[in-house]
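Number of protein chains: 2
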Amino acid sequence: MVRELTVDLGTRSYPIYIGEGLLADIAAYFEKHGISKASPLLVVTDGHVAKHHLKLVMDRLAEGGYTAVSYTVAAGEKSKSLAVLEDIVGACLQAGLDRKSTVVALGGGVVGDLAGFVAASYMRGIRFVQIPTTILAHDSSVGGKVAVNHPLAKNIIGAFHQPEMVLYDTSTLLTLPDRDVRAGLSEMIKHGLIWDAEFTAWCEANAEKLIGLDPEALQYGLYNGCAVKAAVVSQDERENDLRAILNLGHTIGHALEAVAGYNELQHGEAISIGMVGAAMLSVRMGNPVEILTVTERIFKKFGLPTRIPAHFDTEAIMRAMMHDKKFSEGRMVYIIPTAIGKVEINKNVSAEWVREIVDRLKRED
Amino acid sequence: MVRELTVDLGTRSYPIYIGEGLLADIAAYFEKHGISKASPLLVVTDGHVAKHHLKLVMDRLAEGGYTAVSYTVAAGEKSKSLAVLEDIVGACLQAGLDRKSTVVALGGGVVGDLAGFVAASYMRGIRFVQIPTTILAHDSSVGGKVAVNHPLAKNIIGAFHQPEMVLYDTSTLLTLPDRDVRAGLSEMIKHGLIWDAEFTAWCEANAEKLIGLDPEALQYGLYNGCAVKAAVVSQDERENDLRAILNLGHTIGHALEAVAGYNELQHGEAISIGMVGAAMLSVRMGNPVEILTVTERIFKKFGLPTRIPAHFDTEAIMRAMMHDKKFSEGRMVYIIPTAIGKVEINKNVSAEWVREIVDRLKRED
Ligand SMILES: NC(=O)c1ccc[n+]([C@@H]2O[C@H](COP(=O)([O-])OP(=O)(O)OC[C@H]3O[C@@H](n4cnc5c(N)ncnc54)[C@H](O)[C@@H]3O)[C@@H](O)[C@H]2O)c1
Ligand SMILES: NC(=O)c1ccc[n+]([C@@H]2O[C@H](COP(=O)([O-])OP(=O)(O)OC[C@H]3O[C@@H](n4cnc5c(N)ncnc54)[C@H](O)[C@@H]3O)[C@@H](O)[C@H]2O)c1
Ligand SMILES: [Zn+2]
Ligand SMILES: [Zn+2]
Numbered sequence: 001m002v003r004e005l006t007v008d009l010g011t012r013s014y015p016i017y018i019g020e021g022l023l024a025d026i027a028a029y030f031e032k033h034g035i036s037k038a039s040p041l042l043v044v045t046d047g048h049v050a051k052h053h054l055k056l057v058m059d060r061l062a063e064g065g066y067t068a069v070s071y072t073v074a075a076g077e078k079s080k081s082l083a084v085l086e087d088i089v090g091a092c093l094q095a096g097l098d099r100k101s102t103v104v105a106l107g108g109g110v111v112g113d114l115a116g117f118v119a120a121s122y123m124r125g126i127r128f129v130q131i132p133t134t135i136l137a138h139d140s141s142v143g144g145k146v147a148v149n150h151p152l153a154k155n156i157i158g159a160f161h162q163p164e165m166v167l168y169d170t171s172t173l174l175t176l177p178d179r180d181v182r183a184g185l186s187e188m189i190k191h192g193l194i195w196d197a198e199f200t201a202w203c204e205a206n207a208e209k210l211i212g213l214d215p216e217a218l219q220y221g222l223y224n225g226c227a228v229k230a231a232v233v234s235q236d237e238r239e240n241d242l243r244a245i246l247n248l249g250h251t252i253g254h255a256l257e258a259v260a261g262y263n264e265l266q267h268g269e270a271i272s273i274g275m276v277g278a279a280m281l282s283v284r285m286g287n288p289v290e291i292l293t294v295t296e297r298i299f300k301k302f303g304l305p306t307r308i309p310a311h312f313d314t315e316a317i318m319r320a321m322m323h324d325k326k327f328s329e330g331r332m333v334y335i336i337p338t339a340i341g342k343v344e345i346n347k348n349v350s351a352e353w354v355r356e357i358v359d360r361l362k363r364e365d
Numbered sequence: 001m002v003r004e005l006t007v008d009l010g011t012r013s014y015p016i017y018i019g020e021g022l023l024a025d026i027a028a029y030f031e032k033h034g035i036s037k038a039s040p041l042l043v044v045t046d047g048h049v050a051k052h053h054l055k056l057v058m059d060r061l062a063e064g065g066y067t068a069v070s071y072t073v074a075a076g077e078k079s080k081s082l083a084v085l086e087d088i089v090g091a092c093l094q095a096g097l098d099r100k101s102t103v104v105a106l107g108g109g110v111v112g113d114l115a116g117f118v119a120a121s122y123m124r125g126i127r128f129v130q131i132p133t134t135i136l137a138h139d140s141s142v143g144g145k146v147a148v149n150h151p152l153a154k155n156i157i158g159a160f161h162q163p164e165m166v167l168y169d170t171s172t173l174l175t176l177p178d179r180d181v182r183a184g185l186s187e188m189i190k191h192g193l194i195w196d197a198e199f200t201a202w203c204e205a206n207a208e209k210l211i212g213l214d215p216e217a218l219q220y221g222l223y224n225g226c227a228v229k230a231a232v233v234s235q236d237e238r239e240n241d242l243r244a245i246l247n248l249g250h251t252i253g254h255a256l257e258a259v260a261g262y263n264e265l266q267h268g269e270a271i272s273i274g275m276v277g278a279a280m281l282s283v284r285m286g287n288p289v290e291i292l293t294v295t296e297r298i299f300k301k302f303g304l305p306t307r308i309p310a311h312f313d314t315e316a317i318m319r320a321m322m323h324d325k326k327f328s329e330g331r332m333v334y335i336i337p338t339a340i341g342k343v344e345i346n347k348n349v350s351a352e353w354v355r356e357i358v359d360r361l362k363r364e365d
């Protein structure tokens with residue numbers, strides 16, 4: 001069974017297909033959505049994904065009458081750089097990609113963000129298709145945010161460039177390492193926490209199935225996670241206001257990532273701690289304590305961290321946060337849960353309270 | 001007197017102001033168009049322009065209550081690179097530019113294209129202002145095409161990103177070297193040739209005044225050149241069809257630039273030859289010979305080249321053209337003048353004829 005969703009953005013609307021084994025029919029999906037056979041395609045992937053899934057994609061595209069070349073980057077965040085982008089553009093030129101060509105991102109968020117920015121900037125913008133192969137990428141492949149990193153800041157050079165479609169073949173997820181599975185589920189839970197109490201409860205009840213990559217649970221979970229993302233993005237494509245709610249847990253999360261040694265915390269792990277922090281802030285502000293209890297309980301069920309490792313320095317975390325966000329007169333903007341499945345954008349959170357929460361996240365267990 | 005024009009693009013419309021000494025009032029223009037004082041600005045310029053015009057801009061911005069830092073790149077096409085872009089983004093981060101900040105391009109087409117792409121991609125797009133300081137930049141500063149080069153191809157990595165306004169202070173042009181003056185006028189004449197027979201005749205009649213930088217003539221010429229560019233861009237922002245007419249003379253021109261040694265031919269010089277070539281093709285196709293006579297006569301009056309230097313290799317030029325454009329079955333797309341002030345997009349020009357014209361451009365004088 002293939003589930004289908006639409007990201008509603010007027011003339012830039014596009015479908016998300018979710019199902020097991022979709023990639024066997026990749027050429028048919030491409031044809032259905034008008035991807036030209038007259039112009040060459042470039043498939044961008046990384047070393048890990050290439051090993052398991054590239055051959056199928058290249059074979060099925062060729063069988064379907066497409067001319068495609070592939071470009072494999074080193075796995076990992078470091079490939080999201082301008083230097084790698086320049087190299088990929090060289091490959092586009094050598095393969096003769098023109099204004100009617102399409103860039104295909106086959107991989108997780110790293111490949112999606114990088115290949116998406118290639119597509120956004122090559123010849124000032126050509127088409128692209130997202131083929132997410134991680135659970136986290138149910139978040140990153142939807143919404144059109146693409147970017148590379150600068151040595152001084154993550155995701156700082158990029159564009160809004162919506163894909164032609166998202167093709168989510170859940171069978172690719174079977175090769176994903178367990179730690180990446182859990183980290184990706186952290187963003188799925190986030191989508192429940194900001195938007196949908198029922199889905200949050202479903203996630204909690206199905207934690208074991210999700211961690212175990214049960215096909216039915218996975219597809220239902222990804223479908224609902226994507227649906228929240230799509231709904232939010234449809235209402236605010238360029239993050240003028242509402243889209244900011246997708247950053248629940250990310251203020252503390254980004255700071256932890258910045259302070260952590262390379263690879264100590266994955267993004268999904270950093271934000272599960274951040275979401276617990278946001279729940280603590282919420283309770284501190286007078287909201288029901290249940291918000292914190294439920295949030296903590298869920299992440300524990302998924303084996304995701306809910307506390308800051310003790311050796312992290314509170315002052316360093318606060319500095320990283322100030323670098324990321326603007327404090328003005330000791331207040332900052334913060335996404336605060338007001339109930340399970342509901343958040344508000346609070347522009348008046350005391351920086352002092354945030355420091356208190358960071359401290360508490362380090363102490364308690 | 002300040003002349004004013006609008007580039008009509010719905011919500012992305014913006015004004016072009018042309019006048020002598022405008023920059024003295026830069027802060028007032030910024031204020032008028034809602035450029036925030038709360039967020040820092042970055043002024044990008046090059047070494048030549050900085051020497052003559054940077055201090056005025058920085059002083060007047062500071063006096064007007066703006067916080068601005070400047071970044072000076074080396075003069076010349078080589079600065080239009082991803083490496084320089086990465087460095088400028090570092091400067092943006094260090095200066096604390098945020099989503100409400102503005103990038104200001106103070107310079108010719110190189111600075112405009114580069115700084116424009118910084119603005120298009122920093123934080124996925126912030127505002128920018130064009131302050132053109134060359135005559136050629138009456139073309140490049142209008143229309144929102146921004147880009148950097150790849151070692152294998154010019155302008156291949158970029159975006160469509162419209163400025164908030166174009167501030168054209170013609171007094172900055174007084175320091176421009178004579179060769180750049182003439183090369184810039186080549187694009188002004190192009191704007192006449194594709195769109196406006198009367199303006200073409202005016203250009204010819206005022207050649208000496210224009211070359212001599214007579215203020216009144218310059219302002220009138222730039223106003224009309226910008227008006228043509230604005231009219232075309234308003235009808236086809238993303239070059240789906242009409243905008244291609246701006247490439248009159250550019251097919252041969254780009255090939256000559258690709259084949260020429262560094263700096264042998266300026267862009268404006270390469271396209272004056274190319275426009276003569278297009279006129280020859282037009283006559284070859286049966287249009288009135290007057291098209292060629294007038295085109296040649298004008299460029300000669302401006303001291304711009306009308307012939308390909310003899311040492312250029314015809315085959316190399318043809319290869320460069322095939323790399324740039326697509327020939328299919330011996331036919332190619334070409335912008336052909338059908339009268340002075342009128343062109344057509346002809347999708348069926350024989351490559352054999354083009355070769356014939358390239359040969360003729362090398363022989364005759
Ligand atoms: N654009 C957005 O809106 C958005 C949103 C969230 C995150 N992101 C970005 O996403 C990135 C993180 O995404 P990610 O967690 O998917 O990272 P990732 O792409 O690095 O993938 C994680 C790891 O899993 C491997 N992998 C991927 N698919 C696999 C598969 N099917 N089998 C085996 N191994 C596989 C990868 O090689 C990598 O080692 C970050 O760069 C982040 O900035 C972007
Ligand atoms: N974006 C577009 O639509 C578009 C259109 C046409 C050309 N372009 C681009 O424009 C560039 C060429 O533009 P250009 O000819 O302005 O080149 P440029 O910016 O390199 O300027 C030419 C020379 O004049 C110097 N200079 C500029 N202003 C000066 C001044 N007031 N006084 C003294 N010296 C001055 C510069 O330092 C440089 O040495 C190319 O990179 C081309 O690709 C872009
Ligand atoms: Zn995230
Ligand atoms: Zn030009």
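Chains as they are written, first to last, in full-length UniProt numbering: chain A, 1 to 365; chain B, 1 to 365.
From the three backbone atoms N, C-alpha and C, an ideal C-beta is built for every residue, glycine too.
According to the DSSP assignment, V111 of chain B belongs to the alpha helix (DSSP H) that extends over 109-121. Contact between the stretch 36-43 of chain A and the stretch 61-75 of chain A is present: three or more C-beta pairs spanning the two stretches fall below 8 Å.
Not a single C-beta of chain A is nearer than 9 Å to the C-beta of M332 of chain B. In this structure G109 of chain B touches L136 of chain B by the C-beta definition: roughly 5 Å separates them, less than 8 Å.
Non-local beta-carbon contacts of I340 of chain B in its own chain, meaning distances under 7 Å to residues more than five positions away in sequence, involve L193, A197, T200, I291, V294 in chain order. H254 of chain A has a beta carbon lying at 9 Å or more from every beta carbon in chain B. Here G10 of chain B is exposed, its C-beta having fewer than 16 other C-beta atoms within 10 Å. In the DSSP assignment, G158 of chain A forms a beta bridge with A:A147.
At a cut-off of 9 Å between beta carbons, A147 of chain B contacts chain A. C-alpha of L256 of chain B to C-alpha of Y29 of chain B: approximately 40 Å in a straight line. Listed by position along chain B, the residues whose Cβ is nearer than 7 Å to that of E86 of chain A are L82, H150.
Relative to ligand 1, the nearest heavy atom lies less than 8 Å away from the CB of H52 of chain A. Residues E77, K80, S81, N155, I156, I157 of the same chain have their beta carbon placed closer than 8 Å to that of N149 of chain B, with the five preceding and five following residues left out of the count.
H150 of chain A has its CB no nearer than 8 Å to any heavy atom of ligand 1. The closest CA to that of G96 of chain B, considering only A:M322, A:V233, A:S121, is found on A:M322. Between L106 of chain B and L54 of chain B the beta-carbon gap is near 7 Å, inside 8 Å, which marks them as a contact. Within 7 Å of the CB of V7 of chain B, no CB atom of chain A is found; the nearest one sits about 17 Å away. In this structure, ligand 2 has a non-hydrogen atom nearer than 8 Å to the beta-carbon of P177 of chain B. The nearest non-hydrogen atom of ligand 2 is 8 Å or more from the C-beta of E237 of chain B.
Exclusion of the five residues before and after R60 of chain B leaves I26, A27 as the residues of its chain whose Cβ lies within less than 6 Å of its Cβ. Of all alpha-carbon atoms in A:V333, A:Y122, A:S140, the one lying nearest the alpha-carbon of Q130 of chain A is that of A:S140. Pairwise C-beta distances place the stretch 333-353 of chain A out of contact with the stretch 118-128 of chain B, as fewer than three of them are shorter than 8 Å. Not flagged as an interface residue toward chain B: Y168 of chain A, since no C-beta distance is shorter than 9 Å. For P337 of chain B, the beta-bridge partners assigned by DSSP are B:V343. If you compare the alpha carbons of A:I273, A:G64, A:D8 with that of I35 of chain A, the shortest gap goes to A:G64. Its Cα nearest to that of G19 of chain A, the residue A:V2 stands out among A:E208, A:R182, A:V2.
Between L23 of chain A and G277 of chain B, the alpha-carbon positions lie close to 50 Å from each other.
Below the 8 Å Cβ cutoff, chain B contributes I156, I157 as neighbours of Y122 of chain A, in chain order. Looking at the backbone, the Cα of I252 of chain B and that of T6 of chain B are separated by about 31 Å. Secondary structure note for E296 of chain A: its alpha helix (DSSP H) is the uninterrupted segment 290-301. Residues of the same chain with a CB within less than 7 Å of the CB of F160 of chain B, apart from the 5 flanking positions on each side, are G144, K145, E237, R238 in chain order.
V103 of chain B carries a strand assignment under DSSP once its states are collapsed to helix, strand and coil. H250 of chain B has its CB nearer than 8 Å to a heavy atom of ligand 4.
The beta carbon of T306 of chain A sits closer than 7 Å to those of S272, I273, V276, E296, F299, K300, all from its chain and outside the five residues before and after it, given in chain order. Residues of the stretch 32-47 of chain B with a C-beta atom less than 7 Å from some C-beta of chain A do not occur. The beta carbons of L281 of chain A and W353 of chain A sit about 6 Å from each other, so the pair counts as a contact at 8 Å.
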